[in-house]
Amino acid sequence: MPIRVLGIESSCDETSLAVVEDGWKVLSNVVSSQIALHERFGGVVPEIASRAHIEAIGPLLTEALDRSGCRLQDLDAISTTFAPGLQGALLVGLMTAKGLAWGLDVPLVGVHHLAAHIWANRMTHRDLPLPFLCLLVSGGHTEVVRVDGPEHFRSLARTRDDAVGEAYDKTARLLGLGYPGGPAIDRLATEGNPEAIAFPRASLADGLDMSFSGLKTAVRRLAERHVQAGMPIPIADVAASFQRAIVDVLADRMEKLADREGIEVLAVAGGVAANRELRTRLAALAESRGWTFVAPPIDLCTDNAAMIAGLGTELFRAGRVASLDLAAASRYPLDALAPT
Ligand code: KG4
Ligand code: ZN
688 MPIRVLGIES SCDETSLAVV EDGWKVLSNV VSSQIALHER FGGVVPEIAS RAHIEAIGPL
748 LTEALDRSGC RLQDLDAIST TFAPGLQGAL LVGLMTAKGL AWGLDVPLVG VHHLAAHIWA
808 NRMTHRDLPL PFLCLLVSGG HTEVVRVDGP EHFRSLARTR DDAVGEAYDK TARLLGLGYP
868 GGPAIDRLAT EGNPEAIAFP RASLADGLDM SFSGLKTAVR RLAERHVQAG MPIPIADVAA
928 SFQRAIVDVL ADRMEKLADR EGIEVLAVAG GVAANRELRT RLAALAESRG WTFVAPPIDL
988 CTDNAAMIAG LGTELFRAGR VASLDLAAAS RYPLDALAPT
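For the sequence shown, my numbering gives the first residue as 688, with consecutive numbering after it.
See the structure below:
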């Protein structure tokens, strides 16, 4: 009998519901983005996000079921993001999941949003060997994670300040490119010279952690100098050089940590995993070292519920089901298992 699990995601500015079979076959994955609601504020407004999730979640549940060809009674478990994210936003998905699990009398599975982003690699490359090393890069997180199984994620290095996506978004705002900034800079970078400006590549003396706030400041100073001198900001060159500096640091950390851990399988996850230069560079690194590199398809890189149901299925299989007391947590360590 196939296992069918519903996934619910509402941790930030996307409401998503999905039905996944046997942990990898995506029967439906519907996503409603709130970007248009938050755009004019230049970032996600938590109260607006919570309200929009409440309005979207019911119709999306119906749509996800319709598209999957499943009825509520066909579901074996309900999985939902319980952390990390915006507390009010998380609660909308979590309460919906609890109501469904209780009403249908099926298990509730709490899924860590970041672990699910990472697991999207194993969902789409089912023969991916374990352990693998995953670069997790999103709007709120930048870390290198060792994955030994669906219940075993260990963070090996992280940013000390800005997340990469945050650096992209702030820099894009400074350059007048709008929100979200990642895709805009990614596009513009193809028109500029990545070696035009020598932006700093912060190397922290003690270990393999990363820092991106200095880079952001360097872009701001450069922009200010141009404005003061009455010169136009060479935005394509800035975008290309900024992106090169980031990709250099990320690829360097992946290579060093893979060597240290003796791991020859690389993966990438999170919203910034959509970045073309980053993907190309990691693929080239893997090729030059005789390693493997995989990345999820773009629709499983951005926030979605299929990845929640994918990892949720593995946790369900392992018996890691949650009680109906499961609480939402705005922060929660990736290394810790979800409470049961
Ligand atoms: O994982 P995600 O969808 O949301 C969370 O942060 O959880 O990541 C969103 C981030 C934003 O900062 C956005 O600017 C960035 O991912 N992003 C990109 C690209 N597409 C999205 N950054 C660089 N290049 C891209 N192509
Ligand atoms: Zn995310």
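Backbone N, C-alpha and C define an ideal beta-carbon position, used for all residues, glycine too.
request  = Report the option in D700, P816, A736 and L748 whose CA atom is closest to the CA atom of D835.
outcome  = Residue P816 is the option with its Cα nearest to D835.
C-alpha distance - L759 paired with I722, whole-angstrom precision = 29 angstroms
inquiry  = So for M941, helix, strand or coil by DSSP?
reply    = helix
ask   = In terms of residue numbering, what span does the alpha helix (DSSP H) encompassing G865 cover?
value = Where G865 is concerned, there is no enclosing alpha helix (DSSP H), given that its DSSP letter is neither H nor E.
inquiry  = Taking the straight line between their C-alpha atoms, what separation do you get for A954 and N808?
reply    = 7 angstroms
query = Among G997, R754, I922 and L823, which one has its Cα closest to the Cα of E696?
reply = G997
query = To the nearest whole angstrom, what separates the beta carbons of L1021 and F769, a pair I think is in contact under 8 angstroms?
reply = Contact between L1021 and F769 does not hold, since the beta-carbon distance rounds to 13 angstroms and is not under 8 angstroms.
ask   = How would the residue list near the ligand KG4 read, in chain order, if you kept each one whose beta-carbon is closer than 6 angstroms to any heavy atom?
value = C699, S825, G826, G827, G852, Y855, D856, P867, G868, G869, P870, D873, G957, G958, V959, A961, N962, T989 and D990
inquiry  = What does the Cβ neighbour count give for L727, buried or exposed, with the cut at 16 atoms within 10 Å?
reply    = Before going on, a small fix: residue 727 reads as Arg here, not Leu. Exposed is the call here.
For E726, the three-state DSSP class (helix, strand or coil) = helix
request  = Examine the Cβ distances between the segment 822 to 835 and the segment 953 to 973 and report whether three or more of them are shorter than 8 angstroms.
outcome  = yes
ask   = Ends of the alpha helix (DSSP H) at L808?
value = In the sequence under discussion, the amino acid at residue 808 is Asn, which differs from the Leu named in the question. Counting along the chain, the unbroken alpha helix (DSSP H) around N808 starts and ends at H800 to T811.
ask   = Is A1023 buried or exposed, if buried means 16 or more other CB atoms sit within 10 Å of its CB?
value = exposed
key: Own chain, CB closer than 8 angstroms to G730, minus 5 neighbours either side, in chain order   = D856 and Y866
ask   = Going along the chain, which residues of its own chain have a beta-carbon closer than 8 angstroms to the beta-carbon of A1005, five neighbours each way excluded?
value = P837 and E838
task = Assign N880 to buried or exposed, taking buried as 16 or more other Cβ atoms, counted over all protein chains shown, within 10 Å of its Cβ.
result = exposed
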